[in-house]
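J.: Count along the sequence shown from 1, then add 1; that gives the number in my numbering.
Note that the Cβ used here is the ideal one computed from N, Cα and C, for glycine as well.
The following block contains the structure, expressed as structure tokens.
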Amino acid sequence: MKKIWIVGLAMALMLGGGVSSALAAPYVSGAFGLVSASDSDVSEPGFSAELSFDPGFGFIAAIGNGFDGLRGEIEMAYRTNDIDEVSFQGLNASVNGDITSLAVMGNLLVDLAVSETVRPFLGAGIGLANVEVNSNDLGDEDDTVFAYQAIAGLGFPLTHVTTLDLQYRYFATADADFDGTDVEYQTHNFFAGLRFDF
2 MKKIWIVGLA MALMLGGGVS SALAAPYVSG AFGLVSASDS DVSEPGFSAE
52 LSFDPGFGFI AAIGNGFDGL RGEIEMAYRT NDIDEVSFQG LNASVNGDIT
102 SLAVMGNLLV DLAVSETVRP FLGAGIGLAN VEVNSNDLGD EDDTVFAYQA
152 IAGLGFPLTH VTTLDLQYRY FATADADFDG TDVEYQTHNF FAGLRFDF
């Protein structure tokens, strides 16, 4: 977990110190929404199974700068889903527990100048995520791994400094290693939030 905070601080210092003089539109943003976690392959030598998850939720907070239709930002994100069941050799069993992730990401986004009332944007990001499973049935494990995401959304200006963002994000990580067991983590995210220029 300490790696997440160290990387986040370093990225924030780089963003603030390296390009501050060239940027015209610093901003902060926050969003909340639905997280749909894809079924996860669980594997170790001689064993494989699949975990499925209930719909969950997540929230993100970011600080960034905009310039010439581009935005660079540092983001902290939290996601959680309850575990539904585990499938093994055609047998299904209910499981109590959840999977969560806490990530720090560096994102680059492009704002598309379509109209004054709606502003589509596309982006991508990379970073680190601490993925954790808490379960009475499976045990408690966590691992910090490489993370990446793709972003697509629509921005609706509400005032000259406030924008409503509706966005989709595909967020995934490298396989987490839980004491020799590899676990996939892939999510589809639907967020709504606000962005404030200052």
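(1) In or out: M106 buried (at least 16 other Cβ within 10 Å) or exposed?
(2) Label G126 either buried or exposed according to how many other C-beta atoms from any shown protein chain fall within 10 Å of its C-beta, with 16 as the threshold for buried.
(3) Going by DSSP, name the residue or residues bridged to H189.
(4) How about S37 and V43: are their beta carbons less than 8 Å apart?
(5) Using DSSP with H/G/I as helix, E/B as strand and the rest coil, what is L139?
(6) Measuring alpha carbon to alpha carbon, tell me which residue in L92, V132, I61 and F197 is nearest F191.
(7) Using a 10 Å radius around the Cβ and a threshold of 16 neighbouring Cβ atoms, would you call V134 buried or exposed?
(8) Exposed or buried, which one is A23 when buried takes at least 16 other CB atoms within 10 Å?
(9) Whole angstroms is fine: what's the gap from M77's alpha carbon to A63's?
(10) Relative to the C-alpha of A175, which residue among T164, N108 and T145 is closest?
(11) DSSP has F147 in a bridge; who is on the other side?
(12) How many whole angstroms separate the CB atoms of I75 and D99, which I take to be in contact at a CB cut-off of 8 Å?
T.: The structure says:
(1) In the sequence shown, the residue the question calls residue 106 occupies position 105. By the neighbour-count rule (16 or more Cβ atoms within 10 Å), M106 is buried.
(2) Walking along the sequence shown from the start, residue 126 turns up at place 125. By the C-beta density criterion, G126 is buried, having at least 16 other C-beta atoms within 10 angstroms.
(3) As a position in the sequence shown, residue 189 is number 188, starting the count at 1. The partner list for H189 (beta bridge, DSSP) reads S37 and Y171.
(4) Locating residue 37 in the sequence shown gives position 36, where the first residue counts as 1. Locating residue 43 in the sequence shown gives position 42, where the first residue counts as 1. The beta carbons of S37 and V43 sit no closer together than 8 Å.
(5) What you label residue 139 is simply residue 138 of the sequence shown in a count that begins at 1. Coil.
(6) Mapped onto the sequence shown, residue 191 falls at position 190. For F191, the nearest C-alpha among the options comes from I61.
(7) As a first step, residue 134 must be located in the sequence shown, where it is residue number 133. Taking all protein chains shown into account, V134 has 16 or more neighbouring C-beta atoms within 10 Å of its C-beta and is therefore buried.
(8) Translated into positions along the sequence shown, residue 23 becomes position 22. Residue confidence for A23 is low, a pLDDT of 43 falling below 50, so the modelled location carries little weight; the figure read from the coordinates is stated next. Counting every other CB atom within 10 Å of its CB across the protein chains shown gives A23 a total below 16, marking it as exposed.
(9) The sequence position of residue 77 within the sequence shown is 76, counting from 1. The sequence position of residue 63 within the sequence shown is 62, counting from 1. Those two C-alpha atoms are separated by around 6 Å.
(10) In the sequence shown, residue 175 corresponds to position 174, counting from 1. Cα-wise, what sits closest to A175 is T145.
(11) Against the sequence shown, residue 147 aligns to sequence position 146. According to DSSP, F147 bridges with L129.
(12) Within the sequence shown, the letter at position 74 stands for residue 75. Within the sequence shown, the letter at position 98 stands for residue 99. Wrong, their Cβ atoms sit about 26 Å apart, outside the cutoff.
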